[in-house]
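Novice:
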Amino acid sequence: MSVSDWKLLIVVHSLDKVKTIAKSNGVCQYRTHNLVGSTEFSFKCSQYRKYPIFIYELKATVSDDDPNSITIMFKNAHSHEYRNDTTRLPSPVRQSVAKYVEIGFRSAFLKEHPNIPVPSNQLTAIVQTERRRNRVEIFSVFDFQQWCDIHRDGSVPHSTFVSYYFINDINDLFVLFTTKQLIRRIQQSPLIQIDATYKVTWNELPLLVFGASDCKRNFKPFGVALVSEDEDASCYEHLFNSLRSLSIQELHQPYYPRFVMADGAPGITAAQNKRFPNSKHFMCWFHIMQKCRVHRNLMTQSKWKEVDKEIHDRADSSVTSFYEYFKKQWTEKLPSWYEGSALNLPSTNNGCESFNAKIKREYTLRNKLHLSSFLPKIESMLEDWSKDSDINPFAVQTPISSENELAAYEWSMDINRSRIHHWYNNFYVVPSSSG
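Residues 2 to 436 in my numbering are what the sequence shown lists, from first letter to last.
1) Please classify Tyr364: does DSSP put it in a helix, a strand, or coil?
2) Under 8 Å by Cβ, that's how I've got Val176 and Tyr166 pegged, so tell me the actual separation to the nearest angstrom.
3) Pick helix, strand or coil for Lys51, following the three-state DSSP scheme.
4) Which one or two residues does DSSP pair with Thr62 in a beta bridge?
5) Going along the chain, which unbroken runs of the alpha helix (DSSP H) with 4 or more residues stay wholly within the stretch 158 to 231?
6) Assuming Tyr52 and Tyr83 are in contact, meaning their beta carbons sit under 8 Å apart, how far apart are those beta carbons, in whole angstroms?
7) Quick one: any contact between the stretch 271 to 284 and the stretch 201 to 220, if contact means 3 or more CB pairs under 8 Å?
8) CB Arg186 to CB Phe223, shorter than 8 Å?
9) Pairs of beta-carbons, one from the stretch 182 to 202 and one from the stretch 401 to 413, closer than 8 Å: are there three or more?
10) Helix or strand or just coil, what does DSSP make of Ile11?
11) In the DSSP assignment, the beta strand (DSSP E) including Ser35 goes from what residue to what residue?
12) Given this structure, state the Cα-to-Cα distance separating Glu230 from Leu383, to the nearest angstrom.
13) Assign Leu370 to one of three DSSP states: helix, strand, or coil.
14) Give every residue of the same chain whose Cβ lies closer than 8 Å to the Cβ of Gln453, excluding the five residues on either side of it in the sequence, and list them in chain order.
15) By alpha-carbon positions, which one of Pro68, Asn69, Ser43 and Asp66 ends up nearest to Glu58?
16) Do you know whose CA, among Ser64, His239, Pro336 and Phe287, lies nearest Ser164's CA?
17) Please report the Cβ distance between His357 and Thr198, rounded to the nearest whole angstrom; I am assuming they are in contact, meaning their Cβ atoms lie under 8 Å.
18) For Phe287, does the three-state DSSP call read helix, strand or coil?
19) Let me know the secondary structure DSSP gives Val397 once reduced to three states.
20) With Val261 and Phe277 assumed to form a contact (beta carbons below 8 Å), what rounded beta-carbon distance in angstroms separates them?
21) Under 8 Å, do Gly38 and Ser80 count as touching if we go by C-beta distance?
22) At the level of alpha carbons, what is the spacing between Leu247 and Lys369?
23) So is Tyr324 buried or exposed if we call it buried at 16+ other beta carbons inside 10 Å?
24) Measure from the alpha carbon of Thr301 to the alpha carbon of each residue in Ile289, Ser322 and Gln273, then state which is nearest.
25) What is the C-beta distance between Asp17 and Lys76, in whole angstroms, given that I count them as a contact (C-beta under 8 Å)?
26) Check for me: the alpha helix (DSSP H) holding Lys145 runs from which residue to which?
27) How far does the beta strand (DSSP E) with His423 in it extend, from its first residue to its last?
28) Compute the distance between the beta-carbons of Phe143 and Thr161, then report whether it is under 8 Å.
29) Just curious, the alpha helix (DSSP H) that Val19 is in, first and last residue?
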């Protein structure tokens, strides 16, 4: 454009005033010209990359003879109607991503712009960028150890309490998290349920959740443990030893659970036999049937239908292979899985496993977090669980309503009492077809 396109805007007396005017007009400095007898500062619209047509410009000329008289001129006008073609996500989408990532929502920003196509790879990249913004991701072994040392006191009932830990490296660690309030529950149940959840950290560290279901059939957590390996027996030995020490330290009582409910992994069994030899390894009924169904190809389909209803038929030669598997795995190695093997206690580990889903749904939001982000989530969820224990304490007796009593009475009138067998004390055996 020719010189005649430039128009006088204002004459000022300092470069600070030039910067103020540039900011108020939405322009940024992009070039400086050292001319004969003067210096010229050029400014463009700060969004000139997005809107390249009719770019608004300023230029400030400082004469060598009179540096306190600065002439500011302009040309064109801001024109933001025609956006430059770009492969970046539109600004509204990026702004929504930044807003919702900051408060921890994963996909709410998509609902704000349902008509804008968003490629999954671009969306993943911008979400990761926003998560890294204003957040320290480098978290060393020393940082982790310091964090654990800070939380070793546990003087506040609902604050995170790290009673035991060792951190040699990312492949060799065990950290137990609980609160003073939560750990009191371990003496309220003869059972401890354990299950691992995965995909909660970028380092792929398993998180052990341990607790027990109360008499209202609600799972109550005792705490969690971050471990480097959940298949090895040493991991569960550390857990059991920590709980025994905690019970003596905080409750002044030894801790010997009568039942340990977990999966059938050899590591758990070995640790339980070593640390709690008098406890019974209690298997989840649901897992038993799931495993048996995997092995149903050891017999004919017609025979499996009979076995699925009632596992018996030992004398039938057509089920010999399945019988050998069942005897070795579920009679000799892990026998405590059937209904009645632990009275008044749950026969499945579903409560603990569903609690793992709650951790991902409400705290990690199904994201793999860096340790620097995961540890605050640990603190948050332990505090929530601990405070909830004040409102919903561990139920040691099953509540029986008047409706339950009426239903039980009507049932007792209808059933053939000759089919009810007294076991001992207040326990009776009733055929399932009559239950």
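Glycine is no exception: its CB is placed at the ideal position from the N, C-alpha and C atoms. For clarity, every value in this text was computed on a predicted model and none was experimentally measured.
Specialist: On the basis of the coordinates in this document:
1) Indexing the sequence shown from 1 puts residue 364 at position 363. The answer is helix: DSSP assigns Tyr364 an H, G or I state.
2) Here residue 176 refers to the residue found at position 175 when the sequence shown is read from its first residue. Here residue 166 refers to the residue found at position 165 when the sequence shown is read from its first residue. Right, the Cβ-Cβ distance comes to about 4 Å (below 8 Å), so this counts as a contact.
3) By 1-based counting over the sequence shown, the position of residue 51 is 50. Of the three classes helix, strand and coil, the one that applies to Lys51 here is coil, per DSSP.
4) Counting from one through the sequence shown, the residue named residue 62 turns up at place 61. Thr62 is bridged to Glu41 and Thr72.
5) 181 to 184
6) One-based indexing of the sequence shown puts residue 52 at position 51. One-based indexing of the sequence shown puts residue 83 at position 82. Contact holds; Cβ gap of about 7 Å.
7) no
8) Numbered from its first residue, the sequence shown carries residue 186 at position 185. Numbered from its first residue, the sequence shown carries residue 223 at position 222. Yes, the pair counts as a contact, with Cβ atoms nearer than the cut-off.
9) no
10) Translated into positions along the sequence shown, residue 11 becomes position 10. If DSSP states are grouped into helix, strand and coil, Ile11 belongs with the strands.
11) As a working note, residue 35 is residue 34 in the sequence shown. Per the sequence shown, residue 35 should be read as Asn rather than Ser. Its beta strand (DSSP E) spans residues Val28 to Leu36.
12) Counted from its first residue, the sequence shown places residue 230 at position 229. Counted from its first residue, the sequence shown places residue 383 at position 382. Computed Cα separation, rounded: 22 Å.
13) Along the sequence shown, one-based indexing puts residue 370 at 369. Residue state, collapsed to three classes: strand.
14) Beyond the ends of the chain as shown, which are 2 and 436, falls residue 453; an answer cannot be given.
15) Taking the sequence shown and counting its residues from 1, one reaches residue 58 at position 57. Nearest option by C-alpha distance: Ser43.
16) Mapped onto the sequence shown, residue 164 falls at position 163. Ser164 has its Cα closest to that of His239, out of Ser64, His239, Pro336 and Phe287.
17) Position 356 of the sequence shown, counted from the first residue, corresponds to residue 357. Position 197 of the sequence shown, counted from the first residue, corresponds to residue 198. It is worth fixing the name first, because residue 357 is Asn in this sequence and not His. The Cβ separation is near 4 Å, so the contact holds.
18) In the sequence shown, residue 287 corresponds to position 286, counting from 1. The answer is helix: DSSP assigns Phe287 an H, G or I state.
19) On the sequence shown, position 396 is the one that residue 397 refers to. Val397 falls in the coil class under three-state DSSP.
20) Taking the first residue of the sequence shown as position 1, residue 261 is located at position 260. Taking the first residue of the sequence shown as position 1, residue 277 is located at position 276. Rounded, the Cβ-Cβ distance is 6 Å, consistent with contact.
21) Position 37 of the sequence shown, counted from the first residue, corresponds to residue 38. Position 79 of the sequence shown, counted from the first residue, corresponds to residue 80. Going by C-beta atoms, Gly38 is not nearer than 8 Å to Ser80.
22) In the sequence shown, the residue the question calls residue 247 occupies position 246. In the sequence shown, the residue the question calls residue 369 occupies position 368. Approximately 30 Å, taken between the alpha carbons.
23) On the sequence shown, residue 324 is found 323 positions in, with the first residue counted as 1. Its Cβ being crowded by 16 or more others within 10 Å, Tyr324 is buried.
24) By one-based count along the sequence shown, residue 301 stands at place 300. Minimum Cα distance to Thr301 is reached at Ser322.
25) Within the sequence shown, residue 17 is the residue found at index 16, counting from 1. Within the sequence shown, residue 76 is the residue found at index 75, counting from 1. At roughly 23 Å, the Cβ-Cβ gap does not stay under 8 Å, so Asp17 and Lys76 are not in contact.
26) Counting from 1 along the sequence shown, the entry for residue 145 is found at position 144. Note that residue 145 is Phe in the sequence shown here, rather than Lys. Start and end: Val142 to Ile151.
27) The count along the sequence shown starts at 1 and reaches residue 423 at position 422. It spans His422 to Tyr425 - the beta strand (DSSP E) in which His423 sits, taken as one unbroken run.
28) Your numbering for residue 143 matches position 142 in the sequence shown. Your numbering for residue 161 matches position 160 in the sequence shown. It is not a contact, given that the beta carbons lie outside the stated cut-off.
29) Mapped onto the sequence shown, residue 19 falls at position 18. Counting along the chain, the alpha helix (DSSP H) containing Val19 begins and ends at Leu16 to Ser25.
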